[in-house]
Structures are given as structure tokens and as C-alpha cells.
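Asks: Here it is: the structure, laid out below.
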Ligand code: HEM
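Numbering (the working numbering), first residue to last: 2 to 417.
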């Protein structure tokens with residue numbers, strides 16, 4: 002079996018790259034839809050062909066692991082302690098009754114947000130949605146006491162320093178994080194443990210976290226375990242949701258007819274808008290760490306990929322260009338969570354907001370409901386006037402997750 006063509010381009014963890022997605026786009030132009038990027042002992046096989054992407058989503062976790070790939074990415078930013086001995090994992094957050102409770106916390110968080118905003122003012126869209134995400138998330142997995150007053154402000158500061166998504170939003174900063182021995186992150190993690198450890202259990206998810214640690218006889222160890230479980234849950238929730246909501250608001254105010262339709266009260270339309278903005282804002286690198294030798298077919302060639310390699314694809318090089326017309330914002334291209342047939346699209350798996358196959362985001366229904374509720378409340382309460390002069394650009398170095406804005410995105414609001 003032939004080796005894949007080797008691109009000279011680098012990834013931002015290996016070398017200085019101004020535009021991480023652009024570098025992989027250049028490699029694809031030079032080498033076609035499947036190629037390798039290597040640096041030292043780190044090897045990536047990128048694939049973009051319809052069959053290659055379908056093979057990618059069909060890979061088995063035991064052979065090519067998303068969990069390991071995520072861990073290898075996040076540990077560039079997060080202290081090892083965080084991963085050691087967790088008893089409540091992010092994959093267990095979305096049982097049916099949980100979602101109703103999180104959405105109730107969202108309503109309370111929106112009450113607090115509107116109170117903070119007052120009758121009129123100016124705010125950065127992404128600052129607003131990030132703070133809202135903290136408030137809803139912390140109430141949901143650390144109890145309501147974590148979502149107000151001094152505890153909330155301390156946790157916001159700690160989680161902003163401890164943000165695991167920095168590993169893919171600012172990959173160029175990870176060498177400095179390593180050089181510091183993750184000092185800021187270690188301190189922030191201790192702050193989370195100090196604040197969350199003593200908070201009272203509730204009958205929601207925080208109660209489950211407490212129950213998971215109930216058999217730990219040592220008080221300090223129990224509180225620490227609870228604090229670290231909550232830290233991992235909250236960091237997982239910070240990867241995408243607040244950013245996706247930011248783009249959904251940006252797109253809504255850029256499309257007044259869609260905004261009016263939402264104000265008229267059409268929840269399905271709101272969810273389609275949320276999905277469409279998320280699709281367009283996707284910068285995700287989808288990665289699988291190869292654990293056992295795997296034959297990987299891209300439809301033309303089969304490659305033998307050895308353990309230690311990473312197989313990957315990159316959504317921003319597919320989502321808006323895999324067929325004509327996909328660069329436009331059009332919520333009606335979605336039929337509930339499914340993309341309607343698109344002329345010229347070789348495989349429906351070439352386009353996604355929440356993933357395909359076994360690793361599809363377990364938080365999709367919750368996230369779309371939360372975004373719809375937040376959008377509806379905010380545009381119902383305020384007239385919004387964008388203060389940006391051209392459509393906001395994403396962080397250029399970002400390679401993963403939903404785009405973060407590369408600069409300020411101010412918006413003026415006046416109560417209706
Ligand atoms: C708009 C918001 C969100 C978007 C766009 C999103 C997107 C995604 C995508 C694309 C994947 C699949 C990645 C892959 O196949 O490699 C995924 C998986 C996952 N997401 Fe989300 N996500 C969102 C919100 C959330 C939230 C709020 C949470 C948790 C609090 C969450 C937890 C997870 C988990 C645990 C997985 C892994 C599932 C598995 O490995 O089987 N997501 N997400």
C-alpha cells in the first residue's frame with residue numbers, strides 16, 4: 002500500500018502558523034483529498050474525499066479513538082490532575098430529565114442576564130453569551146449557589162483561565178503554557194476546588210456528583226473529587242455552546258426577516274437558525290487517535306495506518322464548500338436536525354454541525370433548545386443594532402471547535 006503524500010505544511014502545535022485552516026487548505030490543493038502532515042513522531046492522516054469522510058465517521062473507538070484524541074489535545078492546556086480519577090464524566094450529562102432541569106436553569110440565568118443588561122447599553126456579543134453559558138452551566142452542574150454572587154464571579158475568573166478550548170482556539174499559545182508548567186491553570190483549578198468543594202448538594206446533577214463521592218471518607222479528598230468532577234463537566238460545556246450562540250445572534254441581526262419570524266414565535270425556525278449558524282461557524286478538527294493498525298480507505302486508495310497516528314478531517318474545509326450554495330446562511334436547508342438534500346453534495350456526511358456516527362454530540366438537542374430559548378428571549382426583550390462594520394472574522398490560528406471571534410463584536414441594545 003502506498004504511503005500517503007506528505008505535505009510540507011505544519012500544524013500550529015508544531016510550528017508557527019498564522020492561519021491554521023488555511024495551511025491545511027493549501028496542503029489539500031497541492032496533494033488532493035488525502036495526505037499526511039508529520040512533525041517528529043506526530044503524524045496526521047487528513048482526509049476530505051466523500052468516501053474518506055464516511056470511513057472516518059465509521060471508525061471504531063477501540064481502533065481509532067476520539068476519547069484519546071480529545072485527551073491528547075486538551076492536556077496541552079489542562080493540568081493532569083483534572084483527568085485523574087474522575088467519577089462523573091461529560092458523556093453522562095444528558096439523560097432525558099436532566100435537559101429539562103438545565104433549561105429551567107437557563108431561564109433563571111436569562112433573568113439575571115437581562116437584569117444585568119438593564120434598559121439599554123452596548124455589549125460584546127461573545128462576552129454576553131460566554132457569561133450566560135457560565136451561569137447556566139454552573140447552576141446546572143454545581144447547584145444554584147455557584148451561579149450567583151461572589152462564588153459565581155470567582156468561578157468565572159477561574160474557568161476563563163482554565164478554558165480547555167484554548168488548546169484549539171489558541172494552539173499557538175500552548176508552548177508558553179507548557180513553559181510555565183501550567184502555573185495559571187493549576188492555580189485556577191485549585192480556586193475551582195476551593196469554591197465548589199463546600200457548596201451544598203442539590204437534587205440535580207450536582208447531587209449525582211456528590212453521590213459519586215459519598216463513599217470517600219476523607220473530607221478534603223471528597224471535596225476535591227467533587228470540585229474536579231465539576232471542573233471537567235464545565236470545561237466540556239465551554240467548548241462550543243456559548244460561541245455558537247454568539248454566531249447565531251450575529252447572523253440573526255444580519256437577517257432581519259429571519260429575526261422577525263423568530264419574534265413572531267416559531268421555535269422550529271429558531272432551532273434551524275441555531276443549527277445553520279453553528280454549521281457555518283464550525284472550525285472543528287475531527288480527530289481519532291489510532292490505537293491498533295487500521296486499513297483506511299478514502300475511496301481510491303487504502304492506507305495502512307499504524308498506532309500512534311491521528312486520522313483527521315477539518316469541518317471548515319467541507320461545511321461551506323462541499324457543494325455549491327453552502328456558503329450562504331439559509332436555516333430552511335434543515336429539516337429538524339437533518340440537512341435537506343443538496344444538489345451536488347457527494348455525501349451528506351461532508352456537512353455537519355454536531356457530528357455524524359457514534360460520536361455525534363450527545364448535547365445536540367439540549368444545545369439547540371438552549372440556543373433557541375436564549376435567542377428568542379434576547380430578541381424579544383431588545384432591539385439590537387450591530388456596531389460592527391463587516392461580518393466578524395474568527396480567530397485565525399483556531400483549529401477546532403466553533404469559531405471564536407477574532408476581535409470585539411459590539412452590539413447596541415434598547416429594551417422594546
Ligand atoms: C453548539 C454547541 C455544540 C456543538 C456545535 C458541539 C459539537 C460537537 C461535535 C461536532 C461532536 C463530535 C466530534 C467528533 O466526532 O469528533 C461533539 C461531541 C461531544 N460533545 Fe458536543 N457540541 C456542542 C455542545 C456540547 C455541550 C454543551 C456538551 C457538554 C456539556 C457537549 C459534550 C460533548 C461530548 C461529551 C461529546 C463526545 C461524544 C462521544 O465521544 O461519543 N457538547 N460535539
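C-beta: ideal position from N, C-alpha, C; glycine also.
Source: prediction; values computed, not measured.
For residue 317, verify whether its CB is less than 7 Å away from any heavy atom of the ligand HEM.
Replies: no
Asks: Let's test the definition: count the other Cβ atoms within 10 Å of the Cβ of residue 48 and tell me whether it reaches 16, buried, or not, exposed.
Replies: buried
Asks: Please say whether residue 202 and residue 211 have beta carbons closer to each other than 8 Å?
Replies: yes
Asks: Indicate whether residue 65 and residue 291 have their beta-carbon atoms separated by less than 8 Å.
Replies: Contact flag set, yes.
Asks: With DSSP as the reference, please indicate the residues paired to residue 43 in a beta bridge.
Replies: 40
Asks: On the three-state DSSP scale, how would you describe residue 214?
Replies: coil
Asks: In the DSSP assignment, find the unbroken beta strand (DSSP E) run with residue 123 in it and report its ends.
Replies: 121-125
Asks: With DSSP run on the structure shown, which of helix, strand or coil describes residue 287?
Replies: strand
Asks: Give me whichever residues DSSP pairs with residue 386 in a beta bridge.
Replies: 413
Asks: Decide if residue 418 is buried, meaning its Cβ has at least 16 other Cβ atoms within 10 Å, or exposed.
Replies: Any question about residue 418 goes unanswered here, given that the chain covers just 2 to 417.
Asks: Between 348, 315, 5, 359, which lies nearest to residue 32 when the distance is taken from Cα to Cα?
Replies: Comparing alpha carbon positions, the residue from 348, 315, 5, 359 closest to residue 32 is 5.
Asks: Verify whether the separation of the beta carbon atoms of residue 287 and residue 57 is less than 8 Å.
Replies: yes
Asks: Please identify the residue among 36, 253, 289, 387 whose C-alpha is closest to the C-alpha of residue 411.
Replies: Nearest option by C-alpha distance: 387.
Asks: What residue range does the beta strand (DSSP E) around residue 304 cover?
Replies: If you look at residue 304, you'll find it in the beta strand (DSSP E) that goes 303-306.
Asks: Considering only the beta carbon of each residue, do residue 59 and residue 299 sit closer than 8 Å?
Replies: no
Asks: Can you tell me whether residue 366 is helix, strand or coil according to DSSP?
Replies: helix
Asks: Can you list, in chain order, every residue whose CB sits closer than 6 Å to a heavy atom of the ligand HEM?
Replies: 67, 91, 92, 94, 237, 238, 241, 242, 245, 279, 285, 287, 354, 355, 356, 360, 362, 363, 364, 368, 403
Asks: Identify the residues that DSSP records as bridge partners of residue 35: which are they?
Replies: 48
Asks: Select from 275, 252, 310, 157 the residue whose C-alpha is nearest the C-alpha of residue 394.
Replies: 252
Asks: Answer yes if the region 332-345 comes into contact with the region 269-279, meaning at least three C-beta pairs across the two stretches below 8 Å, and no otherwise.
Replies: yes
Asks: Does the Cβ of residue 192 have 16 or more other Cβ atoms within 10 Å, making it buried, or fewer, making it exposed?
Replies: buried
Asks: Is residue 148 helix, strand or coil by DSSP?
Replies: The answer is helix: DSSP assigns residue 148 an H, G or I state.
Asks: Can you list the alpha helix (DSSP H) stretches of 4 or more residues lying completely in the region 233-284, in chain order?
Replies: 242-255, 257-264, 268-282
Asks: Please identify the residue among 86, 22, 105, 167 whose C-alpha is closest to the C-alpha of residue 138.
Replies: 105
Asks: Which residue marks the beginning of the alpha helix (DSSP H) containing residue 313, and which one marks its end?
Replies: Note, residue 313: premise wrong, no alpha helix (DSSP H); beta strand (DSSP E) at 311-315.
Asks: With residue 186 and residue 168 assumed to form a contact (beta carbons below 8 Å), what rounded beta-carbon distance in angstroms separates them?
Replies: Contact flag wrong, Cβ pair sits at about 11 Å.
Asks: Can you look up residue 330 in the DSSP assignment and give me helix, strand or coil?
Replies: coil
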